[in-house]
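Colleague: Here you go, one structure.
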Amino acid sequence: MEETTLPNKLWTGSFIRICLVNLFIFVNFHALLPTFPFFVTYLGGDAVTIGLATALFSVASIVSRPFVGWLIDTRGRCTILVLGLVGMTLIPMGYFVSAGIAMAVVLRTAHGVFHAASSNASSTWVTDIIPHGRMGEGLGMYGLSMAISTAVAPALGLAVMNAWGFRPLFAVAALVALAALLTGIGIRSRNYTMSTAPLRLSELFEPMSAPAAITQFFFMMAYGVIEVYVAIYAASCHLPGGGIYFIFIALATVATRILLGRAIDRYGEARLVYSGNAAIAAGILLLVFAHNVPCYLLSAVLLGYSFGAIQPSLQTMAMHAVAPERRGAASSTFFVAFDFGIALGGFLAGVLVKWLGYDAMFLWMIVPCLLSWGYYYVFGRRHASSFNPQNRRRAQSPGEERDTAPSGGESLPLVITISREYGSSGHRVGELLAKRLGVKFYDKEIIALTARKSGLSEETVKESEQTVSSRLMYDDPVQTAVFRAQCRVIRDIARREPCVIVGRLANFVLEERPNSLHIFIYAGETARVKRIVSEYGVEGDRAEDALKRTDQERREHCMHYTGQEWGGRHHYHLLLDNSAGDDGKVAEMICTVLGDRILRS
619 MEETTLPNKL
629 WTGSFIRICL
639 VNLFIFVNFH
649 ALLPTFPFFV
659 TYLGGDAVTI
669 GLATALFSVA
679 SIVSRPFVGW
689 LIDTRGRCTI
699 LVLGLVGMTL
709 IPMGYFVSAG
719 IAMAVVLRTA
729 HGVFHAASSN
739 ASSTWVTDII
749 PHGRMGEGLG
759 MYGLSMAIST
769 AVAPALGLAV
779 MNAWGFRPLF
789 AVAALVALAA
799 LLTGIGIRSR
809 NYTMSTAPLR
819 LSELFEPMSA
829 PAAITQFFFM
839 MAYGVIEVYV
849 AIYAASCHLP
859 GGGIYFIFIA
869 LATVATRILL
879 GRAIDRYGEA
889 RLVYSGNAAI
899 AAGILLLVFA
909 HNVPCYLLSA
919 VLLGYSFGAI
929 QPSLQTMAMH
939 AVAPERRGAA
949 SSTFFVAFDF
959 GIALGGFLAG
969 VLVKWLGYDA
979 MFLWMIVPCL
989 LSWGYYYVFG
999 RRHASSFNPQ
1009 NRRRAQSPGE
1019 ERDTAPSGGE
1029 SLPLVITISR
1039 EYGSSGHRVG
1049 ELLAKRLGVK
1059 FYDKEIIALT
1069 ARKSGLSEET
1079 VKESEQTVSS
1089 RLMYDDPVQT
1099 AVFRAQCRVI
1109 RDIARREPCV
1119 IVGRLANFVL
1129 EERPNSLHIF
1139 IYAGETARVK
1149 RIVSEYGVEG
1159 DRAEDALKRT
1169 DQERREHCMH
1179 YTGQEWGGRH
1189 HYHLLLDNSA
1199 GDDGKVAEMI
1209 CTVLGDRILR
1219 S
């Protein structure tokens, strides 16, 4: 049974439960993160072995996450969450009987697979529960559970290890995983969209999430190393135990996410990415060059701010622009980079410690911070997935004003825009509507007008409109020129005459124009596939792929140039279901809604 919630309500029962699940997952993770190096040392391992065990845990997550993402999208969030948590409950019990380093490393590797399954399922499920308009705030609050685990779990793990030894530590890890399992199966919200896509390598990663993931990868190289090695380093420098360091990290992370929770949705991620990378670099310098308690704790505060600012910002960037049925792939793409950063950073740190010592190793970790900052500055800040304010306003070309009408819009002609899912027959509905109203109809006609306006050929305009070919780089200059020329054409048409305009993000271009009606036409997938085959001439075995590919291209194009969700109900006055395929009836319904407005335009 689905949980009924208000459309924009964040703190629902399902949201609170999924936050608790995430808390328990990362208590299991963080309790063993700083203590497992001591366990390896107890078994006779050295710094390289510690680095290898850390790397293999993350490598197992990296290899499994893409397949886990596909399973989450196709088999459901709850199923994969339960399987992952069962494994996380059982694996720590295996550490009890570890006969040596080899067995401990093997179990640690398997632990990484189950951690990937549970954390990926949880982080995907929460994006289905959070209202889209509060995604940044919601993921920030969800991330508080990770911050609390950062405060509680390392200190708890170190305290249990020091007081009673390793076996009670592993028992605690198993119990919190069991608590996550019992909490997770009680979540009632199951209203997520599932994919029917077959297992293909091309489907395992989500390109729209790549800029956020790569920026996070470089950041986690540095942050993960500090989490792993700071307790041993503090002991060698006669500083307070690592537990207090993690508590200060967590307090700073919690404060950052509470104070800046809504800043992500309001201002975008850029400021937080820049300041977060600067903070971790400053924290490393304090850790290395100022061996006193105040600077040691200030270093922890800076690291806490960096994680509290960067992680939810980039996770929101990675998730908010993708289709619901691709959220598992987006989550796995993001967390592959998260784990790979910890893995590579941990392995390199182990080698650097052996040859150069701890101080030099930590200083080298400033380099990934600079790479994170640089990659985001060059590639991420203007990518389609970025939600910085300047990206959200791309639908209005620079230097162009929106149409206004002092008398409430009555002096402007009525313009109807129709956005549509591929195969829903939005074009035909638009034609019929224009004929009934006796007004001009614009769809492919805009191609010729755009060509004249831009000076480009009609073929170039046709190939470049409504697509985004470069996902990792800056705007494609030809595509951007075509889009801006189309914006001018649409505004000119809207000033000149009453009309019906199909596609081209016309609803966003004219979103503040009075006397406009914005319509979105959709239909069930079965009906759309049937129409694509029978009317569009697409072969039956290719119709479903064509449907998903075309909708995804439209979604990415919309996100790239407007920063908004294509098909989101807040951007339209009417959403009409044409699953029955009765185009004339849909056009008649629109006429009924219009009443006599067309006569007064």
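Remember, my numbering sits 618 above the position in the sequence shown when you count from 1. Beta carbons: idealized from backbone N, C-alpha and C, even for Gly. On a predicted model such as this, the values are computed, not experimentally measured, just so you know.
#1: Bridge partners for serine 1134 per DSSP, in chain order?
#2: With a threshold of 7 Å on Cβ separation, who are the neighbours of asparagine 1125 within its own chain once the five nearest residues in sequence on each side are excluded?
#3: Grab the span of the alpha helix (DSSP H) containing tyrosine 995 for me, first residue to last.
#4: May I ask you to report which of helix, strand or coil DSSP gives glutamate 1019?
#5: By a C-beta neighbour count over all protein chains shown, 10 Å radius and 16 as the cutoff for buried, is valine 794 buried or exposed?
#6: Answer with buried or exposed for lysine 1071, where buried requires no fewer than 16 other C-beta atoms within 10 angstroms of its C-beta.
#7: Let me know if alanine 853 comes out buried or exposed under the rule of 16 or more other beta-carbons within 10 Å of its beta-carbon.
#8: From which residue to which residue does the beta strand (DSSP E) around phenylalanine 1059 run?
#9: Tell me the residue span of the beta strand (DSSP E) that contains leucine 689.
#10: Could you work out which residue in Asn1196, Gly1186, His1178, Asp1110 is closest to arginine 1146 when comparing CA atoms only?
#11: Take the Cβ of asparagine 780 as the centre, count every other Cβ of all protein chains shown within 10 Å, and call the residue buried at 16 or more, exposed below.
#12: Which value, in whole angstroms, describes the spacing of the CA atoms of valine 971 and isoleucine 747?
#13: Would you be able to state if there are at least three C-beta pairs under 8 Å between the stretch 735-742 and the stretch 694-705?
#14: So, is cysteine 1209 buried or exposed, given that buried needs 16 or more other C-beta atoms within 10 angstroms?
#15: If you draw a straight line from the alpha carbon of valine 1100 to that of leucine 1123, how long is it in whole angstroms?
#16: Under the three-state reduction of DSSP, which class applies to valine 1156: helix, strand or coil?
#17: Can at least three beta-carbon pairs, one atom from the stretch 663-680 and one from the stretch 764-773, be found at a separation below 8 Å?
#18: Short of 8 Å in beta carbon distance, which residues of its chain neighbour methionine 983, apart from the five on each side in sequence? Order them along the chain.
#19: Using CA atoms only, rank isn't needed, just tell me which of Ala734, Val1118, Gly1142 is closest to valine 686.
#20: Where isoleucine 850 and glycine 730 are concerned, what is the direct C-alpha to C-alpha distance, given to the nearest angstrom?
#21: What residues in its chain sit with their C-beta under 7 Å from that of phenylalanine 835, if we drop five residues either side in the sequence?
#22: Which partner residues of tyrosine 1140 appear in the DSSP bridge assignment?
#23: For leucine 890, I'd like the list of residues in its chain whose CB is within less than 8 Å of its CB, leaving aside the five on either flank, ordered along the chain.
#24: Going along the chain, which residues of its own chain have a beta-carbon closer than 6 Å to the beta-carbon of histidine 1001, five neighbours each way excluded?
#25: Could you give the DSSP three-state label for arginine 1038: helix, strand or coil?
#26: What alpha helix (DSSP H) runs, 4 residues minimum, are completely inside the stretch 721-772?
#27: With a Cβ-Cβ cutoff of 8 Å, do threonine 801 and phenylalanine 642 count as a contact?
#28: Which ranges does the alpha helix (DSSP H) cover as unbroken runs of at least 4 residues, wholly within the stretch 786-860, from first to last along the chain?
#29: Would glycine 922 and leucine 869 be called neighbours here (beta carbons separated by less than 8 Å)?
#30: Taking three-plus beta-carbon pairs below 8 Å as touching, is the stretch 755-765 in contact with the stretch 939-948?
#31: Taking the beta carbon of serine 679 as the centre, do at least 16 other beta carbons fall within 10 Å, making it buried, or is it exposed?
#32: Using a C-beta cutoff of 8 Å, does tyrosine 863 count as contacting chain D?
#33: According to DSSP, simplified to helix, strand and coil, what is valine 906?
#34: For a quick check, are the C-beta atoms of phenylalanine 866 and leucine 904 less than 8 Å apart?
#35: Would leucine 917 pass as a contact of asparagine 895 if the rule is Cβ separation under 8 Å?
Modeller: The structure says:
#1: Numbered from 1 along the sequence shown, position 516 holds the residue referred to as residue 1134. According to DSSP, serine 1134 bridges with Val1033.
#2: Within the sequence shown, residue 1125 is the residue found at index 507, counting from 1. Closer than 7 Å at Cβ, skipping near neighbours: Thr1035, Ser1037, His1136, His1189, Tyr1190.
#3: If you number the sequence shown from 1, residue 995 lands on position 377. That residue, tyrosine 995, is in no alpha helix (DSSP H); it is neither H nor E in DSSP.
#4: Locating residue 1019 in the sequence shown gives position 401, where the first residue counts as 1. For glutamate 1019, the predicted model reports a pLDDT of 47, less than 50, meaning its position is unreliable; a value from the coordinates is still stated below. Of the three classes helix, strand and coil, the one that applies to glutamate 1019 here is coil, per DSSP.
#5: Locating residue 794 in the sequence shown gives position 176, where the first residue counts as 1. Buried.
#6: Taking the sequence shown and counting its residues from 1, one reaches residue 1071 at position 453. Label assigned to lysine 1071: buried.
#7: Start at 1 with the first residue of the sequence shown, and residue 853 comes out as number 235. Alanine 853 is exposed by the Cβ-count criterion.
#8: The residue labelled residue 1059 in the question sits at position 441 within the sequence shown. Segment 1058-1060, the beta strand (DSSP E) holding phenylalanine 1059.
#9: Locating residue 689 in the sequence shown gives position 71, where the first residue counts as 1. From DSSP, leucine 689 is part of no beta strand (DSSP E) but of the alpha helix (DSSP H) over 665-693.
#10: Walking along the sequence shown from the start, residue 1146 turns up at place 528. Of the candidates Asn1196, Gly1186, His1178, Asp1110, the one whose C-alpha sits nearest the C-alpha of arginine 1146 is Asn1196.
#11: Numbered from 1 along the sequence shown, position 162 holds the residue referred to as residue 780. Exposed: under 16 other Cβ atoms inside 10 Å.
#12: One-based indexing of the sequence shown puts residue 971 at position 353. One-based indexing of the sequence shown puts residue 747 at position 129. Answer to the nearest angstrom: the Cα atoms are 43 Å apart.
#13: yes
#14: On the sequence shown, residue 1209 is found 591 positions in, with the first residue counted as 1. Looking at its Cβ environment, which holds fewer than 16 other Cβ atoms inside 10 Å, cysteine 1209 is exposed.
#15: For the purposes of this step, residue 1100 is taken as residue 482 along the sequence shown, with counting starting at 1. For the purposes of this step, residue 1123 is taken as residue 505 along the sequence shown, with counting starting at 1. Those two C-alpha atoms are separated by around 13 Å.
#16: Taking the sequence shown and counting its residues from 1, one reaches residue 1156 at position 538. Three-state DSSP puts valine 1156 in coil, outside helix and strand.
#17: no
#18: As a position in the sequence shown, residue 983 is number 365, starting the count at 1. The answer, listed in chain order, is Met839, Ala840, Val843, Ile844, Ile902, Gly963, Ala967.
#19: The residue labelled residue 686 in the question sits at position 68 within the sequence shown. With distances taken between Cα atoms, valine 686 lies closest to Ala734.
#20: Position 232 of the sequence shown, counting from 1, holds the residue named residue 850. Position 112 of the sequence shown, counting from 1, holds the residue named residue 730. C-alpha separation (whole angstroms): 23 Å.
#21: Taking the sequence shown and counting its residues from 1, the one referred to as residue 835 is at position 217. The residues are Ala955, Phe958, Gly959.
#22: Translated into positions along the sequence shown, residue 1140 becomes position 522. Per DSSP, Asp1195.
#23: In the sequence shown, counting from the first residue as 1, residue 890 sits at position 272. Cβ neighbours of leucine 890 beyond the five flanking positions: Leu878, Ala881, Ile882, Ala927, Ile928, Ser931.
#24: In the sequence shown, the residue the question calls residue 1001 occupies position 383. Cβ within range, chain order: Pro829.
#25: As a working mapping, residue 1038 is identified with position 420 in the sequence shown. Three-state result, arginine 1038: strand.
#26: none
#27: Taking the first residue of the sequence shown as 1, we reach residue 801 at position 183. Taking the first residue of the sequence shown as 1, we reach residue 642 at position 24. Their beta carbons are under 8 Å apart, which means threonine 801 touches phenylalanine 642 by this criterion.
#28: 828-854
#29: The count along the sequence shown starts at 1 and reaches residue 922 at position 304. The count along the sequence shown starts at 1 and reaches residue 869 at position 251. For glycine 922 and leucine 869, yes; Cβs fall inside 8 Å.
#30: no
#31: One-based indexing of the sequence shown puts residue 679 at position 61. That one is buried.
#32: No chain D is present in this structure, which holds just one protein chain.
#33: For the purposes of this step, residue 906 is identified with residue 288 of the sequence shown, where counting begins at 1. Helix, per DSSP.
#34: For the purposes of this step, residue 866 is identified with residue 248 of the sequence shown, where counting begins at 1. For the purposes of this step, residue 904 is identified with residue 286 of the sequence shown, where counting begins at 1. The answer is no: Cβ separation not under 8 Å.
#35: Indexing the sequence shown from 1 puts residue 917 at position 299. Indexing the sequence shown from 1 puts residue 895 at position 277. A quick correction: the sequence has serine, not leucine, at residue 917. Cβ atoms of serine 917 and asparagine 895: not closer than 8 Å.
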